[in-house]
Amino acid sequence: MSDTPVRIPVSGGGRYDVVVGRDLTELIPEALGDGVRKVLIVHQPAQGRRAEVLRQRLKGDLEVLLAEVPDAEEAKRIEVASFCWGVLGQADFTRSDAVIGLGGGAVTDLAGFVAATWLRGVRLLQLPTTVLGMVDAAVGGKTGINTTEGKNLVGAFHAPIAVLADLTTLDTLPRNELLAGFAEVVKAGFIAEPSILDTVERDLAAATDPASAAFAEVVTAAIRVKAAVVSDDFTEQGRRESLNYGHTLGHAVEYAERYQWRHGSAVSVGMVFAAELGRLVGRVSDAEVDRHRAILASLTLPLGYPANRWPTLLSAMRRDKKSRGGMLRFVLLDGIGHTSILNGPEDHLLFTAFQEIAT
Ligand code: GLY
Numbered sequence: 006m007s008d009t010p011v012r013i014p015v016s017g018g019g020r021y022d023v024v025v026g027r028d029l030t031e032l033i034p035e036a037l038g039d040g041v042r043k044v045l046i047v048h049q050p051a052q053g054r055r056a057e058v059l060r061q062r063l064k065g066d067l068e069v070l071l072a073e074v075p076d077a078e079e080a081k082r083i084e085v086a087s088f089c090w091g092v093l094g095q096a097d098f099t100r101s102d103a104v105i106g107l108g109g110g111a112v113t114d115l116a117g118f119v120a121a122t123w124l125r126g127v128r129l130l131q132l133p134t135t136v137l138g139m140v141d142a143a144v145g146g147k148t149g150i151n152t153t154e155g156k157n158l159v160g161a162f163h164a165p166i167a168v169l170a171d172l173t174t175l176d177t178l179p180r181n182e183l184l185a186g187f188a189e190v191v192k193a194g195f196i197a198e199p200s201i202l203d204t205v206e207r208d209l210a211a212a213t214d215p216a217s218a219a220f221a222e223v224v225t226a227a228i229r230v231k232a233a234v235v236s237d238d239f240t241e242q243g244r245r246e247s248l249n250y251g252h253t254l255g256h257a258v259e260y261a262e263r264y265q266w267r268h269g270s271a272v273s274v275g276m277v278f279a280a281e282l283g284r285l286v287g288r289v290s291d292a293e294v295d296r297h298r299a300i301l302a303s304l305t306l307p308l309g310y311p312a313n314r315w316p317t318l319l320s321a322m323r324r325d326k327k328s329r330g331g332m333l334r335f336v337l338l339d340g341i342g343h344t345s346i347l348n349g350p351e352d353h354l355l356f357t358a359f360q361e362i363a364t
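Below, the structure written as structure tokens:
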């Protein structure tokens, strides 16, 4: 990509930019804005070195605190949020100070929750270091933690002041993690921006190489989709629901797998299921279902789930916070690039769709 970072404006919950480019550390002071004296960098263990480099860069002008938190969903616990609140309290963190989320989607969700709740809300700068974080979790102001009853049950909408998607942080991301994040990239393609699918189909190796122009193009396009949706519907009253394509079954798979699967892998299975459901109700063609399978398989993402787990998935879907009064809702495609809602489908229809993905 060119050396000039791309700025994507977002207006949900306040105006901010998602900046996509390489080597964006220089932009942090400007992004934090005036009046900040202290920052807390919330990071996972693997980002410890990067957090320390940032601390050294920023410490002339700012007091920089670090909070190392566990990996993945283990970070999104009330005890971990409480630990971060403790660090902020000990440091006399004020309303004009800022929290920085440095890491994958779980860390940016947690950092966002800590920023949303400390003194009823302080500035939040998101520095996502995974594809999933860049194209989804860090953009749009959804923050939260899990409870023993389920994922993201406690949280707040709290928009960041900026998101710096520094593609150099992906150069060392494990390949399977990067490909799992691509589930959300191609989701953006399926629901709104088919050119993403064309680029991935044309040259998979380039499209999934963080140093290539094709990679920057598809990641930027996916962020534009998310930015447009959340700018239009910050608090998920309508259009934002389209971002949940593949997520109704996907969340149930994550639950059934005790959150040991990567989110993107579960969403991949969920998108194939949603495509099959769309085909059954006449909104998606055979060729479009095949296209889901071909693209997701090329990313080495799973396409199916064991047949005997259907009862577990069905009850998990019914408990999902997105179901309304026990009635299931599915985001389906209406052809590639458009979405629609399927409300309260009969169980036998869901079972028939599931049989198409059962292994
Ligand atoms: N991850 C879905 C959303 O931000 O609404």
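Residue numbers (my numbering): 6 to 364. Where a beta carbon is used, it is the ideal one built from N, C-alpha and C, also for glycine. No experiment lies behind these values; they were computed from the predicted model shown.
#1: Would you check if the stretch 221-228 and the stretch 277-291 touch, i.e. whether three or more CB-CB distances between them fall below 8 Å?
#2: Using C-beta distances below 6 Å, list every residue in its chain close to Ala230, excluding the 5 sequence neighbours before and after it, in chain order.
#3: What's the C-alpha gap between Ile83 and Leu337?
#4: Between Asn151 and the rest of its own chain, which residues show a CB-CB distance below 6 Å, the 5 nearest in sequence each way excluded?
#5: Just reading off the beta strand (DSSP E) that Arg12 is part of, what are its end residues?
#6: In the DSSP output, what is Asp22 paired with across the bridge?
#7: Ignoring anything shorter than 4 residues or poking outside the stretch 186-234, list the alpha helix (DSSP H) runs there in chain order.
#8: Whole angstroms are fine: how far does the CA of Ala121 sit from the CA of Gly394?
#9: In the DSSP assignment, find the unbroken beta strand (DSSP E) run with Phe335 in it and report its ends.
#10: Could you tell me whether any non-hydrogen atom of the ligand GLY is closer than 8 Å to the CB of Val235?
#11: List the endpoints of the continuous beta strand (DSSP E) containing His48.
#12: Whole-angstrom Cβ separation of Ala77 and Ala111, contact assumed at under 8 Å?
#13: Since Gly186 and Val136 should fall inside the 8 Å C-beta cutoff, what is the C-beta to C-beta distance between them, to a whole number of angstroms?
#14: DSSP state of Leu124, grouped into three classes?
#15: Below 8 Å, can you find three or more Cβ-Cβ pairs linking the stretch 49-67 to the stretch 146-166?
#16: Note down, in chain order, each residue of its chain lying with its Cβ closer than 8 Å to the Cβ of Val272, except the 5 sequence neighbours on either side.
#17: Which residue's Cα is closest to the Cα of Thr99: Glu68, Gln131, Ala211, Asn348?
#18: Would you say the beta carbon of Asn249 is closer than 8 Å to some non-hydrogen atom of the ligand GLY?
#19: Please tell me whether, using a cut-off of 8 Å, the distance from the CB of Arg245 to the nearest non-hydrogen atom of the ligand GLY is below it.
#20: Quick check: the Cα distance between Ala233 and Glu361, rounded to an integer number of angstroms?
#21: Given Arg267, which residues of its chain have a CB within under 6 Å of its CB, disregarding the five upstream and five downstream residues?
Reading it off the structure:
#1: no
#2: A small fix is needed here, since residue 230 is Val in this sequence, not Ala. Ala193, Ala197, Glu198.
#3: 34 Å
#4: Lys81
#5: 11-15
#6: Pro14, Ala167
#7: 199-207, 209-212
#8: Residue 394 lies beyond the stretch modelled for the chain, which goes from 6 to 364, so this question has no answer here.
#9: 334-338
#10: yes
#11: 43-48
#12: 5 Å
#13: 3 Å
#14: helix
#15: no
#16: Ala188, Glu189, Lys192, Gly251, His252, Gly255
#17: Glu68
#18: yes
#19: yes
#20: 33 Å
#21: Ala185
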